Amino acid sequence: TFVSTYAPHSMQFWNSAQSSSGYLPYTGSSAIANKYSFDFDGSNDYINIGTNKFPIGHTGESYSVSSWFKGGTQSSNTGIFSNAENANNEFQILLLGTSSPVGAIQTHVYKSGVGQATAKTSNTYDDNKWHHVVSVLDHADTSITLYLDGGAEIISGAWSHHTTGSSLVSSVGYRGYGNYFNGQIAETAIWSYALSSSAVAALYNGGIPTDLLSDKGSYDQSNSLSTWLRMGESASYDGTNWSIYDSSGNGV
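Counted the way my numbering counts, the sequence shown spans residues 767 to 1018.
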């Protein structure tokens, strides 16, 4: 169970067809019904998955992190997903609000005194439309790769700098020490595996979220799925905080 800091109005209904407002569609045999996302206010909303759940960025560990997001211009370099102890020891997926180019997506692993491995888009994604991002860390070929919208933009770099320790906090909508995301996030998932480009394209599914628990086509890593936060499906509210169900069945 994952706890965040939302009020009930933060759930945004997803229409069953793409519209001018940019809602995610639901159609086709591989699609899965998506009714909700979470609306992050850019001030103090975030999801705390927990501490020391995933050694993302560690030596010898391959991971993939996927999320659907929709946001406009950000006031800082805001976190879509973070696995960080602090600014000196972190893995991030960011929507840039101050660094150049503003509106780009950046993923990186940074360890103070060692260095930073980065992949950053040249295109911008702060257009208040739904986009799909996947960051892949592959220890076998020591690479960090960023995919946008199923491979419409792919950036890859060398990854030789690693996070360390057991104090890494996993968060959604937050950089781990500030920089709150302003917009909507849904369908955040983590795999303990480096997904292939064809698997990422299958996840994007032409812009239609798919069932991550079932292998289909080039997506064949459902058994490596560690966490799947659907952002509203089976979520509950206690009057103060939301609890978000982990649909992977792992309950981490």
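All C-beta atoms in this analysis are idealised placements derived from N, C-alpha and C, irrespective of residue type, glycine included. This one's a predicted model, so the numbers in the text were calculated from it and none came from an experiment.
- Between residue 956 and residue 992, the alpha-carbon positions lie close to 5 Å from each other.
- When secondary structure is reduced to three states using DSSP, residue 924 falls in the strand class.
- Under the three-state reduction of DSSP output, residue 850 falls in the strand class.
- Taking C-beta atoms under 8 Å as the contact rule, residue 820 and residue 812 fail to qualify, at a distance of about 17 Å.
- Taking a cut-off of 8 Å for Cβ pairs, the segment 972-985 and the segment 866-883 do not touch, as fewer than three such pairs fall below it.
- For residue 970, no beta strand (DSSP E) segment is defined; the enclosing uninterrupted segment is the alpha helix (DSSP H) at 963-970.
- Proximity to residue 833 across 906, 816 and 916 peaks at 916, based on C-alpha coordinates.
- Annotated as distal: residue 894 and residue 801, with beta-carbon spacing of 8 Å or more.
- Counting other Cβ atoms within 10 Å of its Cβ, residue 1017 stays below 16 and is therefore classed as exposed.
- A direct Cα-to-Cα measurement between residue 857 and residue 838 gives close to 23 Å.
- For residue 871, the uninterrupted beta strand (DSSP E) segment begins and ends at 871-877.
- Just so you know, the alpha carbons of residue 926 and residue 803 end up roughly 35 Å apart.
- Counting every other CB atom within 10 Å of its CB across the protein chains shown gives residue 998 a total of 16 or more, marking it as buried.
- In this structure residue 1014 is not in contact with residue 937, their Cβ atoms being roughly 18 Å apart against a cut-off of 8 Å.
- Each residue's CA atom was taken as its position, placing residue 1012 and residue 826 some 26 Å apart.
- Apart from sequence neighbours up to five positions away, the residues of its chain that approach residue 919 with a beta-carbon distance below 6 Å are 887 and 889, ordered along the chain.
- At the C-beta level, residue 942 and residue 808 stay beyond 8 Å of one another.
- Taken atom to atom, the span from the alpha-carbon of residue 864 to that of residue 842 is near 5 Å.
- Taking each of 899, 929 and 907 in turn and checking the Cα distance to residue 818, the smallest one comes out for 929.
- Cβ-Cβ distances below 8 Å link residue 906 to 828 and 960 in the same chain, with the five nearest sequence neighbours on each side left out; the list follows chain order.
- Between residue 898 and residue 891, the C-beta gap is not smaller than 8 Å, which leaves the two residues out of contact.
- Beta-carbon to beta-carbon, residue 910 and residue 873 are separated by about 6 Å, close enough to satisfy the 8 Å threshold.
- Taking C-beta separations shorter than 6 Å and ignoring five residues to either side along the sequence, the partners of residue 878 in its chain run 854, following chain order.
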